[in-house]
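Colleague: The structure's right below; bear with me while I get my questions together.
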């Protein structure tokens, strides 16, 4: 399992958290998504390393932005 | 038709707006709900005057608060 922490900007409430969690959770191989709303830190547990593009696309789909790492 | 403007606190994003709109829109007699996110102003068009209690309960149900008028 791989655990990666991303930073997502623009989330303001638990609805935002739910949207991001749902979209990232739909990426193949993702088994867990944890979001810390105050910091925007999103921890993703996956079977294998994810491509940043896949994560970025999911975050965009939810209506938010992935910060550069 | 009666048009009343309430102030709802705690909304931060369009998901919040959607939740409040849905809950207030479910009150019997309500035909239109317009929300201005920056100010929290919620304009409700209804067939007859609504009770503040009904509106307060709907806003609470959505997870937000009705400001005192």
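Residue numbers (the UniProt record's numbering), protein chains in the order written: chain A, 1 to 69; chain B, 1 to 69. All C-beta atoms in this analysis are idealised placements derived from N, C-alpha and C, irrespective of residue type, glycine included.
1. Can you list the residues of chain B that residue 21/A reaches, using a CB-CB cut of under 8 Å?
2. Is the separation between the beta-carbon of residue 40/B and that of residue 8/B shorter than 8 Å?
3. Residues of chain B with CB under 7 Å from residue 12/A, in chain order?
4. Within this structure, are the beta carbons of residue 37/A and residue 55/A separated by less than 8 Å?
5. For residue 1/A and residue 57/A, I'd like the C-alpha separation in whole angstroms.
6. Assign residue 43/B to one of three DSSP states: helix, strand, or coil.
7. From residue 61/B to residue 4/A, what does the alpha carbon distance come to, in whole angstroms?
8. Compute the Euclidean distance between the alpha carbons of residue 59/A and residue 19/A, then round it to the nearest angstrom.
Modeller: From the atom records:
1. Position 21 of the first chain, counting from 1, holds the residue named residue 21/A. By Cβ distance, chain B contributes nothing, its closest Cβ being about 13 Å from residue 21/A, past 8 Å.
2. Residue 40/B sits at position 40 when you count from the first residue of the second chain. Residue 8/B sits at position 8 when you count from the first residue of the second chain. Yes, the pair counts as a contact, with Cβ atoms nearer than the cut-off.
3. As a working note, residue 12/A is residue 12 in the first chain. Under the 7 Å cutoff, chain B gives 12, 13.
4. Within the first chain, residue 37/A is the residue found at index 37, counting from 1. Within the first chain, residue 55/A is the residue found at index 55, counting from 1. Not a contact, by the Cβ cut-off of 8 Å.
5. Residue numbering aside, residue 1/A sits at position 1 when the first chain is read from its first letter. Residue numbering aside, residue 57/A sits at position 57 when the first chain is read from its first letter. If you take the alpha carbons of residue 1/A and residue 57/A, they lie about 21 Å apart.
6. Start at 1 with the first residue of the second chain, and residue 43/B comes out as number 43. Residue 43/B falls in the strand class under three-state DSSP.
7. What you label residue 61/B is simply residue 61 of the second chain in a count that begins at 1. What you label residue 4/A is simply residue 4 of the first chain in a count that begins at 1. About 35 Å.
8. Working through the first chain from its first residue, we reach residue 59/A at position 59. Working through the first chain from its first residue, we reach residue 19/A at position 19. Spanning the two alpha carbons is a distance of roughly 9 Å.
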